[in-house]
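Quick note: the sequence shown uses numbering that gives the first Met the number 0, first residue 0, plus one each step.
First up is the structure itself, then whatever we jot down about it.
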Amino acid sequence: MLAFITGLAFLVARPSREQAAATPYVGERGASRATASGLGVAFTRAGQTKPLAPGTPLAAGDRLRFTVRAERSRHLLVRLRDGAGAATTIFPTDDAGASAPVQPGETLPATPIVGAGAGKVVVTAIFADHPFALDGDHADTEEVDLVMEKE
Numbered sequence: 000m001l002a003f004i005t006g007l008a009f010l011v012a013r014p015s016r017e018q019a020a021a022t023p024y025v026g027e028r029g030a031s032r033a034t035a036s037g038l039g040v041a042f043t044r045a046g047q048t049k050p051l052a053p054g055t056p057l058a059a060g061d062r063l064r065f066t067v068r069a070e071r072s073r074h075l076l077v078r079l080r081d082g083a084g085a086a087t088t089i090f091p092t093d094d095a096g097a098s099a100p101v102q103p104g105e106t107l108p109a110t111p112i113v114g115a116g117a118g119k120v121v122v123t124a125i126f127a128d129h130p131f132a133l134d135g136d137h138a139d140t141e142e143v144d145l146v147m148e149k150e
């Protein structure tokens, strides 16, 4: 009986493991998507600049501004397609066809203006921890697509 009580005491007194949701994995591979690399988007319309909220349609003449969201320095290349038009590289602006280093919170110098016509504005941001070319191998890159409706 004493052995049973001792065994039961060890079983009850052992430290419990925290559930995974209470202690999310911290690190590069298991980080939350909320802190993954991406772009913050704001638009200027009629002299007022506002963050672009999900579901907010863009209008012809809106000027877009992009801010880097990342946990560390990265290399970035950004392409934009407005409606049925061809995709163009808007960052970096030197037409080199290669990525450029960016810092968390950095505002990109490109401020494209939304054109007239129906369709969507599609922005593709390609992030990597190393320099890369647009036409090169994208095996170690992270691609983020932003699709914005137009009025």
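Note that CB positions come from ideal geometry on N, CA and C, so glycine has one too.
All of these numbers come straight from a predicted model, not from anything done at the bench.
Going by the CB atoms, is the gap between residue 76 and residue 88 shorter than 9 angstroms?
yes
Pull the bridge partners of residue 75 from the DSSP assignment, please.
99 and 126
Check this for me: beta carbons of residue 118 and residue 81, under 9 angstroms apart or not?
yes
Just to confirm the assignment, what range does the beta strand (DSSP E) spanning residue 142 have?
140-148
Nearest residue (CA-CA) to residue 147, options 131, 137 and 121:
121
Quick one: grab the DSSP three-state call for residue 152.
Outside the shown range of the chain (0 to 150) lies residue 152, about which nothing can therefore be said.
In whole angstroms, what is the alpha-carbon distance linking residue 149 and residue 45?
16 angstroms
Which whole-angstrom value is the C-beta distance of residue 113 and residue 60, which I expect to be below 8 angstroms?
7 angstroms
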